[in-house]
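In the working numbering, the protein residues as written are 1 to 264.
Below is one structure, written out as structure tokens; the observations come after it.
See the structure below:
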């Protein structure tokens, strides 16, 4: 077994990875809240932005963390098409979960299904990203640790969605994002504990070191997340749900007023 180090640069990579994961989760959850404030037929744009924000956040978190991953006497490169496919798949699978939550009643079934789909998106992204990794050897996984990492991802997604559906204040979204960031980062490093590498004389096929492609892609994603943050901050909140919930009380007050007027 080759010696592996997931903290080649100390705590710099885990800290940066966590910050990016929190930013992506915070934007995604705020977009979901905005979507739930609108009539169902007008939620699509906010839900799409939520899926892109969460998917981009967890993908960038993964590869920032992988910058600190090294294997002794091994050359690590990445298959670019498969790496980009992991980004697309993360957005699609997370999007399925977010759209499901955004168009279903906010009950326990919706929460569980949404949590499984969204958490599954995190796990799928991670392991497809790992499949894109090539080195002069073979990579094996401990099945029990893999299952544990998936459970952590699902739990994180479910907890974040619960807070989004039940506590709609800004502080709740921020707290959800902090929790999601911890859990997603923990999921990554738990999943890396499942990895074992056996070196061989076989050289990796054509690929690119992570440091050569993650910087330009990460810059593009940071620009996207910045634009998304500005969009959320500048867009007025319409409060459709609150207005709808207030309608019965307003009707009661009008009926009482009219009844008194007729009685006089």
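The C-beta atom is built at its ideal place from N, Cα and C for all residues, glycine as well.
Residue 243 versus residue 33: straight-line alpha-carbon distance, rounded: Along the chain shown, read from residue 1 onward, the residue named residue 243 stands at position 243. Along the chain shown, read from residue 1 onward, the residue named residue 33 stands at position 33. The predicted model places residue 243 with a pLDDT of 48, which falls under 50 and marks its position as unreliable; any figure quoted below should be read in that light. If you take the alpha carbons of residue 243 and residue 33, they lie about 15 Å apart.
Coil, strand or helix - residue 199 by DSSP: Counting from 1 along the chain shown, the entry for residue 199 is found at position 199. Of the three classes helix, strand and coil, the one that applies to residue 199 here is strand, per DSSP.
Local conformation of residue 235 per DSSP, three classes: For the purposes of this step, residue 235 is taken as residue 235 along the chain shown, with counting starting at 1. Looking at residue 235 - three-state DSSP - the assignment turns out to be coil, as it is neither helix nor strand.
Nearest-angstrom beta carbon gap, residue 58 and residue 122 [assumed within contact, 8 Å]: Indexing the chain shown from 1 puts residue 122 at position 122. Indexing the chain shown from 1 puts residue 58 at position 58. About 5 Å separates the two Cβ atoms, so the contact holds.
Assigned exposure category for residue 24 - 16 Cβ within 10 Å defines buried: Here residue 24 corresponds to residue number 24 of the chain shown, with the count starting at 1. Classification of residue 24: buried, given that the 10 Å Cβ count is 16 or more.
Residue 86 (DSSP reduced to helix, strand or coil): Translated into the one-based positions of the chain shown, residue 86 becomes position 86. If DSSP states are grouped into helix, strand and coil, residue 86 belongs with the helices.
Buried or exposed by the 16-neighbour rule on C-beta atoms within 10 Å, applied to residue 3: Numbered from 1 along the chain shown, position 3 holds the residue referred to as residue 3. By the neighbour-count rule (16 or more Cβ atoms within 10 Å), residue 3 is not buried but exposed.
Length-filtered (4 minimum) alpha helix (DSSP H) runs lying within the region 121–194: 143–166, 170–193
Chain E within 8 Å of residue 214, Cβ atoms only: Annotation note: the requested chain E is absent from the structure, which comprises a single protein chain.
C-alpha gap between residue 76 and residue 207, whole angstroms: Here residue 76 is taken as the residue at index 76 of the chain shown, counted from 1. Here residue 207 is taken as the residue at index 207 of the chain shown, counted from 1. The alpha-carbon atoms of residue 76 and residue 207 are separated by roughly 9 Å.
CA nearest to the CA of residue 220, picked from 56, 19, 127: Within the chain shown, numbered from 1, the residue matching residue 220 stands at position 220. When each option's Cα is compared against that of residue 220, the closest is 56.
Distance CB(residue 191)-CB(residue 60) smaller than 8 Å: Position 191 of the chain shown, counted from the start, is the residue given in the question as residue 191. Position 60 of the chain shown, counted from the start, is the residue given in the question as residue 60. No. Outside cutoff.
Distance between beta carbons of residue 181 and residue 67, contact taken as under 8 Å: Locating residue 67 in the chain shown gives position 67, counting from the first residue. Locating residue 181 in the chain shown gives position 181, counting from the first residue. The Cβ separation is near 18 Å, so there is no contact.
Three-state class that DSSP yields for residue 73 in the structure shown: Working through the chain shown from its first residue, we reach residue 73 at position 73. In the structure shown, residue 73 sits in coil (DSSP, three-state: anything other than H, G, I, E or B).
Delimiting residues of the alpha helix (DSSP H) encompassing residue 39: The residue given as residue 39 occupies position 39 in the chain shown. Run containing residue 39: none; DSSP gives neither H nor E here.
DSSP-derived helix/strand/coil call for residue 66: Position 66 of the chain shown, counted from the start, is the residue given in the question as residue 66. It is helical.
Rounded straight-line distance, which links the Cα of residue 164 to that of residue 175: For this step, residue 175 is matched to residue 175 along the chain shown. For this step, residue 164 is matched to residue 164 along the chain shown. Distance between the alpha carbons of residue 175 and residue 164: 10 Å.
Local conformation of residue 1 per DSSP, three classes: Mapped onto the chain shown, residue 1 falls at position 1. Residue 1: coil per DSSP, three-state reduction.
Beta-carbon separation (whole angstroms), residue 27 vs residue 154, contact threshold 8 Å: Along the chain shown, one-based indexing puts residue 27 at 27. Along the chain shown, one-based indexing puts residue 154 at 154. Not really, about 21 Å apart at Cβ, beyond 8 Å.
Own chain partners of residue 20 with C-beta closer than 7 Å, once the 5 adjacent residues on each side are dropped: What you label residue 20 is simply residue 20 of the chain shown in a count that begins at 1. Same-chain partners within the cutoff: 57, 60, 61, 64.
Contacts around residue 74, its chain only, beta-carbon distance under 8 Å, and the 5 residues preceding and following it disregarded: Counting from 1 along the chain shown, the entry for residue 74 is found at position 74. Here the set comprises 2, 135, 136, 137, 197, 199.
Beta-carbon separation (whole angstroms), residue 142 vs residue 194, contact threshold 8 Å: Indexing the chain shown from 1 puts residue 142 at position 142. Indexing the chain shown from 1 puts residue 194 at position 194. About 4 Å separates the two Cβ atoms, so the contact holds.
Where residue 100 sits in the DSSP three-state scheme: Counted from its first residue, the chain shown places residue 100 at position 100. Here residue 100 sits in helix by DSSP.
Distance, residue 35 Cα to residue 46 Cα: Translated into positions along the chain shown, residue 46 becomes position 46. Translated into positions along the chain shown, residue 35 becomes position 35. Straight-line Cα distance between these residues: approximately 5 Å.
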